[in-house]
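Residue numbers (full-length UniProt numbering): 1 to 573.
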Ligand SMILES: Cc1cc2nc3c(=O)[nH]c(=O)nc-3n(C[C@H](O)[C@H](O)[C@H](O)COP(=O)(O)OP(=O)(O)OC[C@H]3O[C@@H](n4cnc5c(N)ncnc54)[C@H](O)[C@@H]3O)c2cc1C
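Here's what the structure looks like:
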């Protein structure tokens, strides 16, 4: 592809430009009183502007450059998480799947160019209504015809593709990379990516039906025009099916090869937890500094004074301090094909997902609740954050199920994650303790009862095992990166607190000792809370009126006003 139009190499190693200027554009201002159809159109327009901003190239996507990951942890994501999801799918899943075939096919190369420029919206369709986590049993068929062309077909309603948007929106043509079973003379040759046009931007293409899931019912979390999509004997040219027409020797390996872009997606989409936690922490912190309550001696004090208020904010600040170094480290490990096998590299993505989701799920709902009723209003930017975390936990590898797969494979000794470099730290002891327990369980299970007993005894413990490995790795990485000692101490205590009973059972801590350590860590951080919030540098990205009195007053003034001269007699005899 050396002389191709796709060679935008000069941007590949540049620093990612800041998105602060975009926050000033009218397009990126909050829209609170528009219809969902209008909101979706705006999301596409924003995605196109962001696309021009990041200018991701084929190199960025194949080589997973810093720019690729920066796009996934940019604070602007929280302005419109739906438009970010569109961008991520467009580049990672759709362009990433097309890219390896572009060298051999000028048609694919041309399409890839349009996808990278966001001239078409590109979906990635793997999941079916009846096949989510067991997508390897998907049923959509692409049948080879005698003349070398293909027919794409949804054989029954449960085989319809589930959730990616497919209906016409914003006049933008839509295509999809559809994962389907290649059928040759009635025989299943395994799944292949199939390139299909869905709509010209105004109406659906012949044989493609989109049933809209989100203009009527509503998916909380990541707002996008989700759909159920089916194909009725759609005729496709010979170039539409990508890859070899041979039957693979190993159907399972073929499946994982075809969906290999899900692994970088697991890593990249989990990084959204950084801007999500950052904005919720910032808004809760600023509100808590500003909001006051009257106390017994009639003075008013800011609610941040309460330990129950500053504790979750400080814990979230501590989590944020360790998340970025760990994300950077995981990117390095994930890309290191020399030192690590594909399974171990995927393991890093799963571990990051498990701990980032756990931290976000622990902190975000607590912080939103600490803003009281104000936190539940959309104009304050945080009310949907915990649904968004849930959506991220499910998409691109369900956090629970990928953790189960990783922990089972580790317990069976199929491969190993890097060992603890600080085996004496408490988090490493916890990790080792869970591994010993799991090993004892696995070795006690007779071969003939393996599935049943694994299901009963091991599977429920897999997610904690992966989270345990993750917290140890996060801690070690933060130590090497020189993270602020007080923040690191509080992060460590937060991770210990998740499983305090284990440490007490093993005689490593008592409740009183833990409370003392936690109070000490909070006492040393409490005076720094304001500075730590400012260091998040979130001003430009935050529009929530609750963070400042003047913004709140202005917001109230902008609301529709009802006045009148009515008289309504009450309690008259
Ligand atoms: C925001 C969002 C965007 C998405 N975008 C896309 C997209 O662009 N393209 C696409 O193809 N799909 C997409 N999806 C779909 C996503 O990939 C699936 O939702 C996901 O794979 C899970 O499938 P499911 O929802 O059918 O869950 P199910 O398969 O029904 O699983 C439900 C639950 O069953 C349990 N379970 C299932 N299997 C196991 C197991 N082996 N071991 C233990 N427990 C198990 C788990 O508790 C699991 O959470 C998206 C989803 C979301 C939320």
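For every residue, glycine included, the Cβ atom is placed at its ideal position computed from N, Cα and C.
Contact check, residue i vs residue j, beta carbons under 8 Å
i	j	result
residue 143	residue 179	no
residue 229	residue 210	yes
residue 128	residue 160	yes
residue 274	residue 288	no
residue 396	residue 266	yes
residue 315	residue 529	no
residue 154	residue 124	no
residue 258	residue 191	yes
residue 66	residue 19	no
residue 64	residue 95	no
residue 122	residue 167	no
residue 111	residue 181	no
residue 294	residue 533	no
residue 311	residue 363	no
Beta-bridge pairing of residue i - partner residues as DSSP gives them
i	result
residue 209	230
residue 191	181
residue 143	151 and 183
residue 302	292
residue 255	Partner(s): none; residue 255 has no beta bridge.
residue 161	128 and 229
residue 56	Answer by DSSP bridge pairing: none, since residue 56 is not bridged.
residue 102	Beta-bridge pairing links residue 102 to no other residue.
residue 174	121 and 199
residue 241	194
Where residue i falls: helix, strand or coil (DSSP)
i	result
residue 550	helix
residue 376	helix
residue 16	coil
residue 85	helix
residue 249	coil
residue 109	helix
residue 128	strand
residue 166	coil
residue 204	strand
residue 196	strand
residue 556	helix
residue 31	coil
residue 73	coil
residue 566	coil
residue 236	strand
residue 78	helix
residue 414	coil
residue 573	coil
residue 536	coil
Residue i to residue j span [Cα, whole Å]
i	j	result
residue 152	residue 233	6 Å
residue 368	residue 145	56 Å
residue 552	residue 502	46 Å
residue 169	residue 415	46 Å
residue 400	residue 550	44 Å
residue 464	residue 431	9 Å
residue 538	residue 573	59 Å
residue 474	residue 365	22 Å
residue 545	residue 200	40 Å
residue 54	residue 458	43 Å
residue 382	residue 373	12 Å
residue 11	residue 93	Residue placement at residue 11 is poorly supported in this model, since its pLDDT is 43, which falls under 50; the coordinates are not used for a value here.
residue 23	residue 177	32 Å
residue 413	residue 109	41 Å
residue 525	residue 388	29 Å
residue 61	residue 241	21 Å
residue 165	residue 224	7 Å
residue 420	residue 321	21 Å
residue 467	residue 355	5 Å
residue 32	residue 346	39 Å
residue 43	residue 569	50 Å
residue 390	residue 445	34 Å
residue 513	residue 472	21 Å
residue 370	residue 305	13 Å
residue 81	residue 270	13 Å
residue 543	residue 90	28 Å
residue 186	residue 253	21 Å
residue 406	residue 86	28 Å
Any chain B beta carbon closer than 8 Å to residue i
i	result
residue 562	The structure shown has no chain B; it contains just one protein chain.
ask   = Enumerated in chain order, which unbroken segments of the alpha helix (DSSP H) with a length of 4 residues or greater are wholly contained in the region 432-510?
value = 450-453, 459-481, 485-497 and 500-505
inquiry  = Quick check on the DSSP output: what are the complete alpha helix (DSSP H) runs of length 4 or more inside the UniProt domain "Acyl-CoA oxidase C-alpha1" (273-407), in order along the chain?
reply    = 273-290, 307-335, 342-369 and 385-394
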